[in-house]
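Inspection log for the structure reproduced underneath, given as structure tokens.
In our numbering, the protein residues as written are 58 to 424.
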């Protein structure tokens, strides 16, 4: 076989099967060690904030507009799995005052070292048709599959880490974005904070659907008064509605994956038919809310597991009289400490979900 045929055969029979095994193993570790991984990330974030404040107190750093956790492909090839953590002013890459540390992500990328060693042996049976550079290229192409686990740990930790005193005391620009992705390449927001309060009426106007139904994503919608908001088929993925008043608001068939609602008041609201993968409702008031027909569908294709790794979070939420009938793909759901008096839930989830005895007795189990 020629080189292309050899590469295709190698990829199908050795690389992809090994990648799938390593990702399955990593996913098991992600769930098993989640609390410790979040704690380690929190320590990294705390160290960065201490470093930022020290530079600011010495007059060496302007108010922070961006914090970026970046993976570097060149270091990954050297089997160095540290993210570069950088803080910038509002000028972002135009800020020449270096403020950087590292975050050890070897817990997520260590399987790549195992793959390199094994694949190096497997390539030899192709009689020189496959080179070490070919293996490196395949591994670099798979980097996002490992980054998605780091991304998910950061997302799970974010609401907690931005409350630590070390973060609260640093000087911030008018808007601060915490992001992650490849170094100076594609990245995405993990958290957005505006120092000046947003105006609820302006945000309501921005959210109201237009004829083209343009997406409104990755935004800070915290601490707003938006009761009785009515939105249909709107793309609102990864928005943060935490601490907002959304009583009686209707979200019908909206894309809400990765959205945050921590300590939001959505009493009597509706999420009928919404896509809720990785949505975070911890400590929220969802009394009497309607989730009928909602989906927590995970995305699993060719190594992708995000959204879906974080699961649906309802810890310590008020779910009294909430309607979960006819829901789909609610496998990874967390209810620790949630109040569930009169909550309507299909019988099939009785043994699938981890619930306390009090919760089980309080729930209205539906056929």
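Positions of the beta carbon are idealized from the N, C-alpha and C atoms, including for glycine. In this text, all values refer to a predicted model and were calculated from it rather than measured experimentally.
Task: When 386, 256 and 164 are compared against residue 138, the one with the closest alpha-carbon - done: Closest by alpha carbon: 164.
Open item on the list: Taking the straight line between their C-alpha atoms, what separation do you get for residue 423 and residue 348?
Closed with: Roughly 14 Å separates the two Cα atoms.
TODO: Spatial neighbours of residue 238 within its chain, please: CB distance less than 7 Å, with the 5 preceding and 5 following residues excluded, ordered by chain position.
DONE: If we look at residue 238 and ignore the five residues flanking it on each side, its Cβ neighbours are 127, 244 and 245.
- [ ] Taking 7 Å as the cut-off, decide whether the C-beta atoms of residue 345 and residue 378 are in contact.
- [x] Yes, they are a contact pair.
Open item on the list: Taking 6 Å as the limit between beta carbons, can you name the residues of its chain near residue 87, skipping five residues before and five after?
Closed with: So the list reads 206, once near-sequence residues are dropped.
- [ ] State buried or exposed for residue 131, treating a residue as buried only when at least 16 other CB atoms are found within 10 Å of its CB.
- [x] Under this definition residue 131 is an exposed residue.
Open item on the list: So, under 8 Å CB-CB, residue 60 and residue 195 are touching, yes? Tell me the CB distance rounded to an integer number of Å.
Closed with: With a Cβ gap of about 14 Å, residue 60 and residue 195 do not count as contacting.
Open item on the list: Less than 7 Å between the beta carbons of residue 91 and residue 168, yes or no?
Closed with: Cβ atoms of residue 91 and residue 168: not closer than 7 Å.
Open item on the list: Quick check: what's the CA-CA separation for residue 324 versus residue 64?
Closed with: Looking at the two C-alpha atoms, the distance is approximately 56 Å.
Open item on the list: On the criterion of 16 or more Cβ atoms from any shown chain inside 10 Å, does residue 176 qualify as buried, or is it exposed?
Closed with: Per the 10 Å Cβ criterion, buried.
Task: residue 307 - partner residues in DSSP beta bridges - done: According to DSSP, which records beta bridges pairwise, residue 307 is partnered with 287 and 327.
Task: residue 117 vs residue 143 beta-carbon contact at 7 Å - done: Cβ distance not < 7 Å, so residue 117 and residue 143 don't count as in contact.
Task: Continuous beta strand (DSSP E) assignments of at least 3 residues falling wholly in the region 189-260 - done: Taking 3 residues as the shortest admissible run, the region 189-260 contains the following complete beta strand (DSSP E) segments, listed from N- to C-terminal end: 229-239 and 244-251.
- [ ] Would you kindly report the start and end of the unbroken alpha helix (DSSP H) that includes residue 148?
- [x] Segment: none, residue 148 is in no alpha helix (DSSP H) and carries neither H nor E.
TODO: Measure the beta-carbon distance from residue 146 to residue 121 and round it to whole angstroms, keeping in mind my assumption that it falls under 8 Å.
DONE: Yes, residue 146 and residue 121 are in contact; Cβ-Cβ is about 7 Å, under 8 Å.
Open item on the list: Quick check: residue 211 and residue 156, are their CB atoms within less than 7 Å of each other?
Closed with: No, these two residues do not count as a Cβ contact at 7 Å.
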